[in-house]
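*Asks:* Before anything else, here's the structure in question.
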Amino acid sequence: MTAESLSRIQFALTASFHFIFPPISMGLGLVLIVFGVQSVRTKDPKWRRLAVFWVKVYGIVFSMGVATGIVQEFEFGTNWSEYSRFVGNVFGSLLAAEGVFAFMLEGGFLGLMLFGGSRLGPKMWLFATSMVVGGAHFSALWIIMANSWMQTPAGYEVRQGTFGQQAFMTSFADVVFTPSFLPRILHVWVASWMVGATFVMSVAAFYLLKGRHVEISKTMIRVALPLFVVLSVLQVVAFGASQATEVASNQPEKLAAMEGVFQTQQCAPMYLAGWVNESDQTTTGVSIPCLLSLLVAQNPDATVTGLNAFPQSDWAPLNLVFQVYHLMINLGMLFIAIGVVAAVLFFWKRKLWSARWMLWILAVSIVLTELATQSGWWTAEFGRQPWVVWQVMRTAQAESPTVSAGQVWFSIGMFVVLYAGLFGVFLFLLNKVIRTGPAPLDEEDAEEARSLPDSFGEIFRRRSRVSSVTG
Amino acid sequence: MWLNDVWFVLYVVIIGGYVILDGFDLGTGILHPFIARDDRERRVLLNAIGPVWDGNEVWLVLGGGALFAAFPLVYASLFSGFYLAMMLVLLVLILRTVAIEFRSKRTSTRWRATWDWVFFGSSLGITVLLGVALANVIRGVAVDAQGNITVSLIDLLSPYALAVGGAAVAMLALHGAIFLTLKTTDDLLERLHHLVPKLMVVFFVIMTAVVAWTLALDNEFAENFRSRPWTVVFPVGALASVLTSWVLLRRSRYLPAFLASGTMIAFLLGSVAAGLYPVLVPSSIDSAYDLTVQNSASAPETLTVMFVMALIGMPFVLLYTAGVYYFFRGRVVLDDESY
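Protein chains in written order, with the working numbering: chain Y, 1 to 471; chain U, 1001 to 1339.
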């Protein structure tokens, strides 16, 4: 294999592994904020108990996200140096902005969030948590901005630089708000919140199945289920649909690849499942007539441009894009079904608590939402091929000329071993925290919590920690 | 173009922020097998850096992003040219994060001993590798006419580079030890009191040798100081800071001594910057191929946008960094949430 193919594999591997964690940082973070707000509002100790438990999980997930995130930042330079030279002026500034505005916020307040539980009152803990979770959302914002520039580049011009052609910024506002940015970031945020909600539901359903921590688990589902139901519907009818419209107008050949449309046609069908035969250029499967036209143009008679309108050298890997896209779509539909059925069981005399089959579905729901976010990301990235910057630079032109296949074999081997070990340890620790469960809080703990500093003034008037603890 | 110079200075500041802040927690990692005698003491050391190490490491991420944005041609050439070395940096960075987070999640002695060694090895590895990278940038690497660097891992590990790596280890071990005198109590503190002066002597000897070696290198480094005499303030400032730190340590004034140690690191990096400017990566093939502040930087539009972002963002960063350090000041007390 060539160094280029290996670098593609390595990037896909490391990016996919990294992308397991950020959606949890955002989604679980949102649920933690809900717990924090409830704790401040109601003073009921159960909310603090939930926060203390989930923040342990959050810490494990967060450290995995940080550790694997640094790899992504370095890999542009190591494996794709021609790309880095070409786009540094534009793309680099978005990554740097992520560092200043997002990572610093997260890194600064993470210590307070993870270690502050026994040193901060509920309001100050909520403040620190909001900063970390806000930082995580900010981080996604800059990354999706950077990636959207690769999908729909704007606000730049190509000129001769020191070592060849380079993209130079002409308008920062246009770089930031490329046509695909807004629909994409909303889609990613909502997907992440769904991941967070299902994570909480999964653990709660597991406890209910085992008959452990029953009351607190019901509280978790009461928070997470409504969130999940609303978001899963919105994701399909609003945020997902707006994505389809956006892709159809900005990257028509990508949309054609996603649905396997070869011939330009009116009233284009949308497949529920199917197979794209790339050699004889046909797509077979179960489809709903005119739905694709309706989806992309809100008009069943609208024309959808087919792949044949574009040179074959500009086609993405068609069947791969088709399959990962349909995996995401079908999971999205499944989430609505899961959410609605669980909600019905809940309102129907609380039958949800004893419906073991439904609890089992909820218990595995985190795997499904993770799979959906991954397949969404794959659709975006496989669908962009063969371009690294849409219609400006091909991925084949982007690789580092000095890196040999042998070197990339070494690093792929290193990442495979390292990430497999890392994932094993991650699951082991997660399992341990979940099996231990939320520790019961007694009156003494609640009393102690009330005496903690709970405003900036109290924190800064307080003497050094040693003197306050040891007298 | 003045913006290029501004970004050169800002870049040195970011690297300085990283080395000073993450430096003491790397130093803690390097020292801990030698100064902690039991599990409780090791936990004290880990918790001394517990709430801040992650924020410190962010300066490195910021360094990567700022290099990509301000000097993309340096980012592209260095990272791809040093491919295997960069992969090793990533390996040790990941291992270190995991070691710190996962060590205390189980009580088994073997589990903890394993992660302790990973923590030590990765802290040492990062320090040596970053020292080696800096040494190669000072000495110059094979940058060709297209800006590409071809160098094997073995070539990177030259005797000079290993010497700089060694000096980096001594420097951060010292910096970490002084930091820990602010965070520990009892026996552990007593041991650190005895260790710090010895570390300082070792560091001073190694660093003096490395400085002499650097000035003797066959490149522009020493020449740049001769042609810009005022830049001698950086090495002189470093020397003055290390002596100040020594005097303060003798008088058991540890917080000012720690600040003096940080100032020394800043002056040392300033010295490197002064010796290199306006070159960022000297070419060992032909000085016409040097990557400089002018030929490898982003265009003024990007540098301006980035400068505005830095002006908006950095005050906040400094404010909450200071706030977090203030909140977690004082000596370590272990509790349920500790590592």
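For each residue, glycine too, the CB sits at the ideal point set by N, CA and C.
In three-state terms, what does DSSP make of Y/N299?
*Replies:* Counting from one through the first sequence, the residue named residue 299 of chain Y turns up at place 299. In the structure shown, Y/N299 sits in coil (DSSP, three-state: anything other than H, G, I, E or B).
*Asks:* Between the Cα of U/A1322 and the Cα atoms of Y/M26, Y/A12, Y/L105, which residue gives the shortest distance?
*Replies:* Sequence index remark: in the second sequence, residue 1322 of chain U carries index 322 (1-based). Of the candidates Y/M26, Y/A12, Y/L105, the one whose C-alpha sits nearest the C-alpha of U/A1322 is Y/L105.
*Asks:* Please report the distance separating the alpha-carbon of Y/C267 from that of Y/Q323.
*Replies:* Here the question's residue 267 of chain Y lines up with position 267 in the first sequence. Here the question's residue 323 of chain Y lines up with position 323 in the first sequence. Going by the C-alpha atoms only, they are around 22 Å apart.
*Asks:* In angstroms, rounded to a whole number, what distance separates the CA positions of Y/V499 and U/P1159?
*Replies:* Nothing in the structure corresponds to residue 499 of chain Y, since chain Y is present only between 1 and 471.
*Asks:* Within a Cβ cutoff of 6 Å, which residues of the same chain sit near Y/L255, ignoring the five residues on either side of it in sequence?
*Replies:* Your numbering for residue 255 of chain Y matches position 255 in the first sequence. So the qualifying residues of the chain are V247, A248.
*Asks:* So, do the stretch 87–101 of chain Y and the stretch 1055–1075 of chain U have three or more beta carbon pairs nearer to each other than 8 Å?
*Replies:* Judged by Cβ distances under 8 Å, the stretch 87–101 of chain Y makes contact with the stretch 1055–1075 of chain U, as three or more pairs qualify.
*Asks:* Buried or exposed: where does Y/S282 fall if 16 or more other Cβ atoms within 10 Å of its Cβ makes it buried?
*Replies:* Looking up residue 282 of chain Y in the first sequence gives position 282. The amino acid at residue 282 of chain Y is misidentified as Ser; the sequence shows Thr. So Y/T282 counts as exposed.
*Asks:* Anything in chain U within Cβ reach of Y/G108, meaning under 7 Å, just list it in chain order.
*Replies:* Indexing the first sequence from 1 puts residue 108 of chain Y at position 108. Simply G1055, Y1320, T1321, V1324.
*Asks:* Run down chain Y in chain order and give the residues with a C-beta less than 8 Å from the C-beta of U/I1094.
*Replies:* For this step, residue 1094 of chain U is matched to residue 94 along the second sequence. Correct list: A67, T68, I70, V71, L418, L422.
*Asks:* Give me the chain Y residues within the contact set of U/M1306, using Cβ-Cβ distance strictly less than 7 Å, ordered along the chain.
*Replies:* Along the second sequence, read from residue 1 onward, the residue named residue 1306 of chain U stands at position 306. Correct list: S93, A96.
*Asks:* So, is U/M1264 buried or exposed, given that buried needs 16 or more other C-beta atoms within 10 angstroms?
*Replies:* Locating residue 1264 of chain U in the second sequence gives position 264, where the first residue counts as 1. Buried: at least 16 other Cβ atoms inside 10 Å.
*Asks:* Are U/N1295 and Y/T162 touching if we call contact CB-CB under 8 Å?
*Replies:* Translated into the one-based positions of the second sequence, residue 1295 of chain U becomes position 295. Translated into the one-based positions of the first sequence, residue 162 of chain Y becomes position 162. Yes, they are a contact pair.
*Asks:* Could you spell out where the alpha helix (DSSP H) holding Y/Q323 opens and where it closes?
*Replies:* Indexing the first sequence from 1 puts residue 323 of chain Y at position 323. It spans 318–347 - the alpha helix (DSSP H) in which Y/Q323 sits, taken as one unbroken run.
*Asks:* For the stretch 403–414 of chain Y, list every residue whose C-beta sits within 9 Å of some C-beta in chain U, in sequence order.
*Replies:* Taking 9 Å as the Cβ-Cβ cut-off against chain U, the residues of the stretch 403–414 of chain Y that qualify are V403, S404, Q407, V408, F410, S411, M414.
*Asks:* Under 9 Å Cβ-Cβ, which residues of chain U neighbour Y/P478?
*Replies:* The question about residue 478 of chain Y has no answer, for chain Y in this structure spans 1 to 471.
*Asks:* Quick one: is U/F1008 near chain Y, going by C-beta distance under 8 Å?
*Replies:* Here residue 1008 of chain U is taken as the residue at index 8 of the second sequence, counted from 1. Not one chain Y Cβ lies under 8 Å of U/F1008.
*Asks:* Taking 8 Å as the threshold (C-beta atoms), are U/Y1018 and U/A1070 in contact?
*Replies:* Position 70 of the second sequence, counted from the first residue, corresponds to residue 1070 of chain U. Position 18 of the second sequence, counted from the first residue, corresponds to residue 1018 of chain U. Not a contact, by the Cβ cut-off of 8 Å.
*Asks:* By alpha-carbon positions, which one of Y/M145, Y/F199, Y/Q165 ends up nearest to Y/F177?
*Replies:* Within the first sequence, residue 177 of chain Y is the residue found at index 177, counting from 1. Checking every option, the nearest Cα to that of Y/F177 belongs to Y/M145.
*Asks:* What in chain U is Cβ-close to Y/V425, meaning under 8 Å?
*Replies:* Locating residue 425 of chain Y in the first sequence gives position 425, where the first residue counts as 1. Residues of chain U passing the Cβ test: V1098, F1102.
*Asks:* Can you grab the Cα-Cα spacing for the pair Y/R463 / U/F1327, in whole Å?
*Replies:* Within the first sequence, the letter at position 463 stands for residue 463 of chain Y. Within the second sequence, the letter at position 327 stands for residue 1327 of chain U. Summary for Y/R463: the model assigns pLDDT 49, below 50, so the residue's position carries little reliability; its value from the coordinates is reported in the next sentence. Those two C-alpha atoms are separated by around 10 Å.
*Asks:* Go ahead and pull the three-state DSSP assignment for Y/A268.
*Replies:* The residue given as residue 268 of chain Y occupies position 268 in the first sequence. Of the three classes helix, strand and coil, the one that applies to Y/A268 here is coil, per DSSP.
*Asks:* Considering Y/F199, what are the terminal residues of the beta strand (DSSP E) in which it resides?
*Replies:* Position 199 of the first sequence, counted from the start, is the residue given in the question as residue 199 of chain Y. Element bounds for Y/F199: not the beta strand (DSSP E) but the alpha helix (DSSP H), 181–210.
*Asks:* Which residue from Y/S400, Y/S148, Y/L209, Y/H187 puts its Cα closest to that of Y/F181?
*Replies:* Numbered from 1 along the first sequence, position 181 holds the residue referred to as residue 181 of chain Y. Closest by alpha carbon: Y/S148.
*Asks:* Determine, for Y/F11, whether the minimum Cβ-Cβ distance to residues of chain U falls below 8 Å.
*Replies:* Here the question's residue 11 of chain Y lines up with position 11 in the first sequence. Output row for Y/F11: interface = no.
*Asks:* Across the stretch 1017–1032 of chain U and the stretch 1167–1187 of chain U, are there enough close Cβ pairs to call them in contact, namely three or more that are closer than 8 Å?
*Replies:* Yes: at least three Cβ pairs fall under 8 Å.
*Asks:* Let's see if you can read the secondary structure: which residues bound the alpha helix (DSSP H) around Y/M1?
*Replies:* Position 1 of the first sequence holds residue 1 of chain Y. Looking at the DSSP string, Y/M1 is not in any alpha helix (DSSP H), and its letter there is neither H nor E.
*Asks:* Please confirm if Y/K123 has its CB atom under 8 Å from at least one CB of chain U.
*Replies:* Position 123 of the first sequence, counted from the first residue, corresponds to residue 123 of chain Y. False, the Cβ-Cβ gap to chain U never drops below 8 Å.
*Asks:* What separation, rounded to the nearest whole angstrom, lies between the Cα atoms of Y/S455 and Y/K123?
*Replies:* Numbered from 1 along the first sequence, position 455 holds the residue referred to as residue 455 of chain Y. Numbered from 1 along the first sequence, position 123 holds the residue referred to as residue 123 of chain Y. Distance between the alpha carbons of Y/S455 and Y/K123 is about 7 Å.
*Asks:* Does DSSP put U/L1003 in a helix, in a strand, or in coil?
*Replies:* As a position in the second sequence, residue 1003 of chain U is number 3, starting the count at 1. U/L1003: helix per DSSP, three-state reduction.
*Asks:* Does any C-beta atom of chain Y lie closer than 8 Å to the C-beta of U/M1086?
*Replies:* Start at 1 with the first residue of the second sequence, and residue 1086 of chain U comes out as number 86. By this cut-off, U/M1086 is an interface position.
*Asks:* Can you look up Y/Q10 in the DSSP assignment and give me helix, strand or coil?
*Replies:* The residue you call residue 10 of chain Y lines up with position 10 of the first sequence. It is helical.
*Asks:* Pairs of beta-carbons, one from the stretch 67–81 of chain Y and one from the stretch 1088–1096 of chain U, closer than 8 Å: are there three or more?
*Replies:* Because the criterion of three Cβ pairs below 8 Å is met, the stretch 67–81 of chain Y and the stretch 1088–1096 of chain U touch.
*Asks:* In the DSSP assignment, the alpha helix (DSSP H) including U/Y1326 goes from what residue to what residue?
*Replies:* Taking the second sequence and counting its residues from 1, the one referred to as residue 1326 of chain U is at position 326. Where U/Y1326 is concerned, the enclosing alpha helix (DSSP H) stretches over 1300–1327.
*Asks:* Quick check: Y/A380 and Y/W315, are their CB atoms within less than 8 Å of each other?
*Replies:* Numbered from its first residue, the first sequence carries residue 380 of chain Y at position 380. Numbered from its first residue, the first sequence carries residue 315 of chain Y at position 315. No; because the gap between Cβ atoms is not below 8 Å, this pair is not in contact.
*Asks:* Report the CB separation of U/V1196 from U/T1208 in whole angstroms; it is logged as a contact under 8 Å.
*Replies:* Stepping through the second sequence from its first residue, residue 1196 of chain U is reached at position 196. Stepping through the second sequence from its first residue, residue 1208 of chain U is reached at position 208. No, U/V1196 and U/T1208 are not in contact; Cβ-Cβ is about 19 Å, not under 8 Å.
*Asks:* Just checking: is the beta-carbon of U/F1327 within a distance shorter than 8 Å of some beta-carbon in chain Y?
*Replies:* Sequence index remark: in the second sequence, residue 1327 of chain U carries index 327 (1-based). Yes, U/F1327 lies at the interface with chain Y (some Cβ there is under 8 Å from its Cβ).
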